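A short worksheet on the structure shown next.
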Amino acid sequence: MEITHNPTLLWFVAGYGIIMVIMGIYYSKKVSSSEDFILAGKGLGTIVLTGTLLATWTGSGSISGGETSMAFSYGIIPALLMMIPTLVGIGILYLIAPKIREFGKYTVSGILEAKYGSTARMIASIIIILAFVGIVSYQMTGIGFILNLTTGMSVETGTIIGTVLIIFLATIGGLKSVAPTDALSAFLAIAALFITLPTIFVIAGGWDEITANVPAEHLTVTSTLSNVQLLGFLLPSLFLLLGDQNMYQRLASSKGDKSSKKAQIGWLIGMILISPSISFIAFASSSMFPDISPGMALMATTVVMPTIIGGILLAAATAFIVTTGNSYLLSAATNVTYDIVGKFIKKDATDKQLLIMTKIFIVVLGLLSYILISYFPTVLEVQMYAYTVYGAGLTPALLAVFFWKRVNAVGGISSMIAGVVTTLTWEIVLAKPFELNSVIVALPVAVIVLIVVTLMTTNGKAQAA
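All letters in the sequence shown, in the order written, are residues 452 to 916 by our numbering.
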């Protein structure tokens with residue numbers, strides 16, 4: 452089946468974009484301090500918190516990479532397995548959420564500094580910026596895919612438009628405006644996916660027709676992947692989620708532990724609804740459009756469905772992508788402001804100056820994100836790189852803060868450096884040997900270094916930083 456551009460769908464995308472901008476401007480007027488901008492004044496209730504957790508986690512990583520690309524490239528079972536790391540991660544975060552709120556820090560780097568010292572804070576900030584700039588970059592490409600589908604506009608031009616929209620929404624109101632637009636996006640997306648799923652199966656000719664049109668290996672557990680390669684796709688999202696600063700900031704932004712716990716249960720239920728729906732829709736798309744880019748599998752279905760259903764799904768996909776993009780951009784800019792400039796360069800900055808600096812860094816990092824995407828051929832590749840830089844570089848040392856009292860500064864810092872260096876060496880210097888994602892090597896190295904160095908230095912430089 453050929454893809455025919457349907458410019459009418461653009462009205463749905465534009466309409467939702469206008470709603471997001473209006474909401475963003477409205478809530479931005481409620482921002483009076485840096486805490487309002489970064490932690491929404493610690494006033495997020497259960498419903499908004501549930502929505503912002505869902506929307507932040509399910510962005511272009513799921514719509515263009517993750518479940519979508521896995522279903523298209525490897526089949527339905529590997530795509531469904533992508534949900535397991537998310538559910539496990541949410542469960543673990545549920546256990547440590549009260550401790551996260553207890554720390555009351557703006558950034559993950561601040562939590563690491565409390566345990567490992569100021570050196571750890573600087574290293575962590577660099578790791579977060581490296582990873583989050585990568586994550587934001589493929590959100591921008593996701594908008595490019597959408598505009599290409601609807602208008603025939605080149606993906607490159609669409610990506611530029613996506614860049615401008617994401618930067619604008621992140622800049623105007625911070626989390627105070629991002630969280631409510633996230634919530635609206637999440638609930639719209641769940642409705643859209645539930646309408647789309649049965650519709651696309653009918654259009655594709657039913658399950659038998661779909662399975663007849665895909666390669667036979669796409670109906671097996673691992674498809675063309677080895678068990679180790681499959682694990683290389685599953686682990687990055689788990690270890691990103693367990694240490695994701697965005698999620699920590701949102702949990703710290705709740706009204707209290709009760710709201711936080713209810714929201715996390717809602718997040719878990721939402722992911723059980725969203726993730727398999729995306730997988731099955733993308734799998735049906737692989738049967739109908741075997742020659743498209745894997746990242747376009749979900750969005751391609753919008754042009755063959757009734758216009759109103761396709762339009763709602765495309766608007767929901769746009770919403771997910773934009774909200775994830777501006778969330779990660781805001782989070783990375785927070786690191787530059789508070790962990791680097793405010794900590795080491797302008798220590799006497801006023802609250803207003805910190806707020807202005809955060810907005811400036813949103814723009815700078817947004818432009819860097821746009822530049823980065825040109826270095827990776829597919830969304831899935833940049834996604835795995837970004838997740839692993841973060842998951843191997845930060846998460847072992849961060850989880851040790853909560854679960855291992857004996858861990859010390861030398862062990863934590865060594866683990867962070869080992870995780871990042873191994874990831875960058877595997878991905879860039881060695882060009883990914885054996886077609887294995889770097890997490891298979893980098894994560895064990897980070898954990899082993901954390902344990903061994905801590906045990907070797909417990910009676911020596913244990914608390915040095």
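All C-beta atoms in this analysis are idealised placements derived from N, C-alpha and C, irrespective of residue type, glycine included. Because the structure is a prediction, the values reported are computed rather than measured.
Problem set entry | Buried or exposed by the 16-neighbour rule on C-beta atoms within 10 Å, applied to Met722 | buried
For this session: Can you check DSSP and say which residues form a bridge with Ser705?
Result: Leu495
Exercise. Thinking just about the alpha-carbon of each residue, which of Ser479, Leu670, Phe596 is nearest to the one in Ala630?
Worked result: Ser479
For this session: Use the C-beta contact count for Ile469: other C-beta atoms within 10 angstroms, 16 or more gives buried, fewer gives exposed.
Result: exposed
For this session: Note down the Cα distance separating Ser677 from Thr905, rounded to an integer number of angstroms.
Result: 34 Å
Exercise. With a Cβ-Cβ cutoff of 8 Å, do Ala735 and Ile641 count as a contact?
Worked result: no
Problem set entry | Exposure of Tyr477, with buried meaning 16 or more beta-carbon neighbours within 10 Å | exposed
Problem set entry | Pair within 8 Å by beta-carbon distance, Ile551 and Ala703 | yes
Exercise. With DSSP run on the structure shown, which of helix, strand or coil describes Ala916?
Worked result: Reliability fails at Ala916, whose pLDDT of 39 lies under 50, so the model's placement of it is uncertain and no value is given.
Exercise. If you follow the alpha helix (DSSP H) that Glu553 is part of, which residue opens it and which one closes it?
Worked result: 534 to 554
Exercise. Who are the Cβ neighbours of Gly510 in its own chain at under 6 Å, not counting the five residues just before and after it?
Worked result: Gln590, Phe771, Ile772, Thr775
For this session: Drop a sphere of 10 angstroms on the beta-carbon of Trp508, count the other beta-carbons inside from all chains shown, and report buried for 16 or more, exposed for fewer.
Result: buried
Problem set entry | Three-state secondary structure assigned by DSSP to Thr675 | coil
Exercise. Are the CB atoms of Gly526 and Thr647 nearer to each other than 8 Å?
Worked result: no
Exercise. Does the distance from the C-beta atom of Gly475 to that of Thr675 stay below 8 Å?
Worked result: no
For this session: Could you say which of Glu878, Leu901, Val755 lies nearest to Met867 if we only look at CA atoms?
Result: Leu901
Exercise. Three-state secondary structure (DSSP) at His669?
Worked result: helix
Exercise. Straight-line CA distance for Lys713 to Val880?
Worked result: 45 Å
Exercise. In terms of residues, what are the limits of the alpha helix (DSSP H) holding Lys810?
Worked result: 802 to 823
Problem set entry | Segment contact flag, the segment 588 to 606 with the segment 748 to 768, C-beta cutoff 8 Å, min 3 pairs | yes
Exercise. Any contact of the segment 511 to 525 with the segment 726 to 733, i.e. 3+ C-beta pairs under 8 Å?
Worked result: yes
Exercise. By DSSP, does Lys566 sit in helix, in strand, or in coil?
Worked result: helix
Exercise. Can you check whether the CB of Ala621 is closer than 8 Å to the CB of Leu780?
Worked result: yes
Exercise. If Val840 sits next to Val872, beta carbons under 8 Å apart, how far is it from one beta carbon to the other, in whole angstroms?
Worked result: The Cβ separation is near 10 Å, so there is no contact.
Exercise. What separation, rounded to the nearest whole angstrom, lies between the Cα atoms of Tyr836 and Ile791?
Worked result: 24 Å
For this session: Out of Ala800, Leu691, Phe731, Gly717, state which residue places its alpha-carbon closest to the alpha-carbon of Ala655.
Result: Phe731
Exercise. Is Gly844 helix, strand or coil by DSSP?
Worked result: helix
Problem set entry | Anticipated Cβ contact below 8 Å, Gly540 with Leu689, distance rounded | 5 Å
Problem set entry | Pair within 8 Å by beta-carbon distance, Lys706 and Gly494 | yes
Problem set entry | Pairwise C-alpha distance: Thr614 and Val815 | 11 Å
Exercise. From which residue to which residue does the alpha helix (DSSP H) around Ile469 run?
Worked result: 460 to 479
Exercise. Going straight from the alpha carbon of Lys481 to that of Lys627, what length do you get?
Worked result: 8 Å
Exercise. Candidates Ile864, Ala800, Leu765, Leu850: which alpha carbon is nearest His456's?
Worked result: Leu765
For this session: Taking the CB atoms as reference points, tell me whether Pro529 and Thr662 lie closer together than 8 Å.
Result: no
Problem set entry | Cβ-based burial, Lys709 [other Cβ within 10 Å; buried from 16] | exposed
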